[in-house]
Each structure stands twice: as structure tokens, then as C-alpha cells.
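All you need for our numbering is the position in the sequence shown, starting with 1, plus 1073.
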Amino acid sequence: MRVLITGGAGFIGSHLAEALLHAGHHVDIIDNLSTGSIRNVAHLKQHPKFKYVIDTITNEPLLAELIDGNDVIFHLAAAVGVKLIVEQPVHTIETNVHGTEVVLKHANKKKKLVFIASTSEVYGKNTDVPFREDANLVMGATVKHRWAYACSKAIDEFLALAYWKERGLPVVVVRFFNTVGPKQTGQYGMVLPNFVRQALAGEPITVFGDGTQSRSFTDVSDVVECLVKLMHEKKAVGEVFNIGNPQEVTILKLAELVKAQTGSESAIEFVPYDKAYETGFEDMPRRVPDITKIHNLVGFQPTVQLGEIISRVVHYFRSQQS
Ligand code: UDP
């Protein structure tokens, strides 16, 4: 198959490009390098079935041509990272809503299969874990910029599902739960690469809040393997899927594990949310996926567990240092 990945030089996009090429597919990527990096795909540049375009997806004639030349589109281009979102809410909302609008509009012309990347963040303040795909999305107030990300992704989901229902465009919505692994940068706030960088540099490991909030981390290799399987599954069309690892860990425990695995002398430092992000910042206390639906459809079961997940990220950061 011929596959287009928007945001293909980003963290998940670049791993997906590699997995698809490995499976024998043709891969085109488009990326404006806003948070992605050409280094992420440098090793793929010579591959005969790989093409990369450095541009924005809002260059519509170009996007239309790329969509035309492919069978499947993975729409991963988006503004991501809580730090980026809190600092640049206008950019976040515009990028995430408008980007998806143009992708769906052009994919619809020839009814190309589109995967919309969404997020566990859409469950918002819902505390009823594990989250099932049909659970309520519980948003915070609009003056709290953090929720702009969840809302922008929820709009993307609504729009995609509306295209399916009203116009017959085949779409699949995937909600990622804290996907981590090599090549992810901590620059935009993501906790694991931040902790590993801090630990290796001997800097304080900054735990925001009291560290009792928890997350379920999923290795990117499990995520992309699942996406490649889902691409061939007709029953996925018109559906929403959680993709994550239900194994839960508190952020304080994560800091301790990173410290132990790196043998770091770093202190673990608690930073109030107000200082870390903005006054009145609200966090999600827990975030655990129910993966029954994706398991039943494609047999998805995460294979990489937390110790190994951390070890891979540590190995990546060490390899970047040398
Ligand atoms: N966090 C932290 N220290 C950091 C970065 C993040 O304690 O340096 C916390 C953050 O407040 C949240 C969790 O780690 O509770 C996960 O944050 P991340 O930004 O990776 O993803 P989120 O799940 O919030 O989208």
C-alpha cells in the first residue's frame, strides 16, 4: 500500500514510517519540522520507497496531491505537549482543528482511508478509570488553557466521525495514552524524556504537584505495530480505539525508577503546578486505558513493560550524548 503520514518526522510518525517501510509499504511523509526533526527520518532518506516533503499541511494544493498519490493517510501532524499548549493556545487550537479539516476535506474527494490521531487527554477530568472509548469526556473551564488541547482533539474526532456518517469517508480514530520511546524530546513537556535527561545531567528531577498523579506509559513500538495491523482491518472504520498500556505508575514512582535505572545522584524536586505551568493549572489524576476493544479486533496487547520502556529511553539519551 501507499501511505501518507502527516507529521511523519515527529516522534510517533517517524517510528510509524519505519515500521511501514519494514512491512513493504511505500511511505510519503509531510512535516513542517515545528516539533518534528529531520534527524528522526535521516536513516530512511535513501530508502527507495520513502519520500519526504518539508512543508505545512495547510499548503492545500500540495496536500491534495500527496493525498491523491496514496491509499491511506495517518494524520499525526498536530501541536502536542502540555508545555507548548499552555504557552501557545492559539497555535494549538488553530493547528489541530484546521489541519484536520483540510486533511479530511481532501481525503474525502477520493474516499481515502484516514487515521486521526487523538489522545487520552480527551477523557479530561473523568476519574472513572479504566477509560472505555464510549466514556464521557469531562472538560475543564475554558480559561484553563490546558483543556484547549483536549477540546481541539475532540473536535477532530467529531469532524472525522461526521465525515464517515454523513459522507462515507472511511476514518479511524485512535486515542494514544502517553506514548514514549527513543526519539521523543522533553522540550515540549513530556515527562519521561525530561526525567531521563535531568537524571543523566545530574540536574534535579522535577516532579510536578505531589507526584501522586499517575499515567500509563506505552512503548512506541507497540503503538506502531498496532497501527499497522489496524490499517488492514475493515471493521475498524468509523470506530474509536484506545491504544495504550494499562500498567499504571505514579509520577513520583516514575522519577524514582528513572533515578535508580540511571544510577543518578539527582535529587527529586517537587515543583508546584502553578510554577511548572500556569496559575490554576489542573492535572488529570489518573489515566488508564481499557483496551478490550482494540484487543478484540486486532489482538493488541502491549509487549514492552515499564522497566524496559525506561531502559530504552535511557539507552537512547546515552547514545545521543556519545
Ligand atoms: N510532569 C512532571 N515533571 C515534568 C513533566 C511532567 O512531573 O518535568 C508530570 C505532569 O504534570 C503530568 C505527568 O507528568 O502529571 C505527565 O506529563 P506529560 O506532559 O508527559 O503528559 P500528560 O499526560 O500530562 O499529557
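Where a beta carbon is used, it is the ideal one built from N, C-alpha and C, also for glycine. These numbers come from a predicted model, not from an experiment.
Subject >> Euclidean distance between Cα positions of Gln-1257 and Phe-1084 >> reply: Locating residue 1257 in the sequence shown gives position 184, counting from the first residue. Locating residue 1084 in the sequence shown gives position 11, counting from the first residue. Straight-line Cα distance between these residues: approximately 5 Å.
Original post:
Taking C-beta to C-beta, are Ala-1090 and Gly-1109 nearer than 7 Å?
Top reply: Translated into positions along the sequence shown, residue 1090 becomes position 17. Translated into positions along the sequence shown, residue 1109 becomes position 36. No, Cβ-Cβ distance for Ala-1090 and Gly-1109 is not below 7 Å.
**OP:** Write down the C-beta distance between Ala-1150 and Val-1301 rounded to the nearest angstrom, noting that I regard them as a contact closer than 8 Å.
**Re:** For the purposes of this step, residue 1150 is taken as the residue at position 77 of the sequence shown. For the purposes of this step, residue 1301 is taken as the residue at position 228 of the sequence shown. Not quite, the Cβ-Cβ distance comes to about 19 Å (not below 8 Å), so this is no contact.
**OP:** Between the Cα of His-1171 and those of Thr-1252, Asp-1229, Pro-1243, Ile-1324, spot the shortest distance and give me the residue it belongs to.
**Re:** Reading the sequence shown from its first residue, position 98 is the one you call residue 1171. Of Thr-1252, Asp-1229, Pro-1243, Ile-1324, the residue nearest in Cα terms is Asp-1229.
Subject >> Distance, Ser-1107 Cα to Gln-1260 Cα >> reply: Counting from 1 along the sequence shown, the entry for residue 1260 is found at position 187. Counting from 1 along the sequence shown, the entry for residue 1107 is found at position 34. Rounded to whole angstroms, Gln-1260 and Ser-1107 show a C-alpha spacing of 12 Å.
Original post:
In terms of alpha-carbon separation, which member of Asn-1132, His-1098, Gly-1154, Leu-1094 lies closest to Val-1114?
Top reply: If you number the sequence shown from 1, residue 1114 lands on position 41. Measuring from the Cα of Val-1114, the nearest candidate turns out to be Leu-1094.
Original post:
Along the chain, where does the beta strand (DSSP E) that runs through Phe-1343 open and close?
Top reply: Start at 1 with the first residue of the sequence shown, and residue 1343 comes out as number 270. That run of the beta strand (DSSP E) goes 1341-1344.
Original post:
Between Phe-1188 and Glu-1338, what straight-line distance do the alpha-carbon atoms span, to the nearest angstrom?
Top reply: Along the sequence shown, one-based indexing puts residue 1188 at 115. Along the sequence shown, one-based indexing puts residue 1338 at 265. Rounded to whole angstroms, the gap between the alpha carbons of Phe-1188 and Glu-1338 is 43 Å.
Original post:
Considering only residues of the same chain and omitting the five flanking positions on each side of Pro-1134, which have a CB-CB separation below 6 Å?
Top reply: As a working mapping, residue 1134 is identified with position 61 in the sequence shown. So the list is empty, once near-sequence residues are dropped.
Original post:
Taking only runs of the alpha helix (DSSP H) that begin and end inside the segment 1272-1327, which ones reach a length of at least 4 residues, in chain order?
Top reply: List check, alpha helix (DSSP H) in window: 1293-1303.
Original post:
Is Arg-1288 near the ligand UDP, with its Cβ less than 6 Å from a heavy atom?
Top reply: For this step, residue 1288 is matched to residue 215 along the sequence shown. Yes - the ligand UDP has a heavy atom lying nearer than 6 Å to the Cβ of Arg-1288.
Original post:
Out of curiosity, what's the CA-to-CA distance linking Lys-1348 and Tyr-1196?
Top reply: Residue numbering aside, residue 1348 sits at position 275 when the sequence shown is read from its first letter. Residue numbering aside, residue 1196 sits at position 123 when the sequence shown is read from its first letter. Using only the alpha carbons, I get a separation of about 24 Å.
**OP:** Given a cut-off of 7 Å, decide if Val-1361 and Val-1247 are closer than it, judged by their beta-carbon atoms.
**Re:** The sequence position of residue 1247 within the sequence shown is 174, counting from 1. The sequence position of residue 1361 within the sequence shown is 288, counting from 1. With a cutoff of 7 Å on beta-carbon distance, Val-1247 and Val-1361 are scored as not near each other.
Subject >> Buried versus exposed call for Ser-1392 [16 or more other C-beta atoms within 10 Å across all chains shown] >> reply: Looking up residue 1392 in the sequence shown gives position 319. The residue is exposed, with fewer than 16 neighbouring Cβ atoms inside 10 Å.
Original post:
Should Glu-1298 go down as buried or exposed, given a rule of 16 or more other Cβ atoms within 10 Å for buried?
Top reply: Within the sequence shown, numbered from 1, the residue matching residue 1298 stands at position 225. So Glu-1298 ends up on the buried side.
Original post:
Whose C-beta lies closer than 8 Å to the C-beta of His-1098 among residues of the same chain, with five residues either side of it excluded?
Top reply: Here the question's residue 1098 lines up with position 25 in the sequence shown. Closer than 8 Å at Cβ, skipping near neighbours: Met-1074, Arg-1075, Val-1076, Lys-1122.
Original post:
Using 8 Å as the Cβ pair cut-off and three pairs as the minimum, do the segment 1362-1378 and the segment 1268-1278 touch?
Top reply: The segment 1362-1378 is not in contact with the segment 1268-1278.
Original post:
Which of helix, strand or coil does DSSP assign to Lys-1198?
Top reply: As a working mapping, residue 1198 is identified with position 125 in the sequence shown. Note: Lys-1198 maps to coil in three-state DSSP.
Original post:
With Lys-1185 and Asn-1143 assumed to form a contact (beta carbons below 8 Å), what rounded beta-carbon distance in angstroms separates them?
Top reply: Stepping through the sequence shown from its first residue, residue 1185 is reached at position 112. Stepping through the sequence shown from its first residue, residue 1143 is reached at position 70. Separation of the CB atoms of Lys-1185 and Asn-1143 is rounded to 7 Å, and the pair is thereby assigned contact status at 8 Å.
Subject >> Closest Cα partner of Gln-1286 within the set Lys-1307, Val-1153, Val-1313, Pro-1345 >> reply: Walking along the sequence shown from the start, residue 1286 turns up at place 213. The candidate whose alpha carbon is nearest that of Gln-1286 is Pro-1345.
Original post:
Quick one: Cα of Ala-1309 to Cα of Phe-1250, how far?
Top reply: Working through the sequence shown from its first residue, we reach residue 1309 at position 236. Working through the sequence shown from its first residue, we reach residue 1250 at position 177. Spanning the two alpha carbons is a distance of roughly 19 Å.
Original post:
Can you find a heavy atom of the ligand UDP that lies under 6 Å from the Cβ of Met-1304?
Top reply: For the purposes of this step, residue 1304 is taken as the residue at position 231 of the sequence shown. Checking the 6 Å criterion, the Cβ of Met-1304 is out of range of every heavy atom belonging to the ligand UDP.
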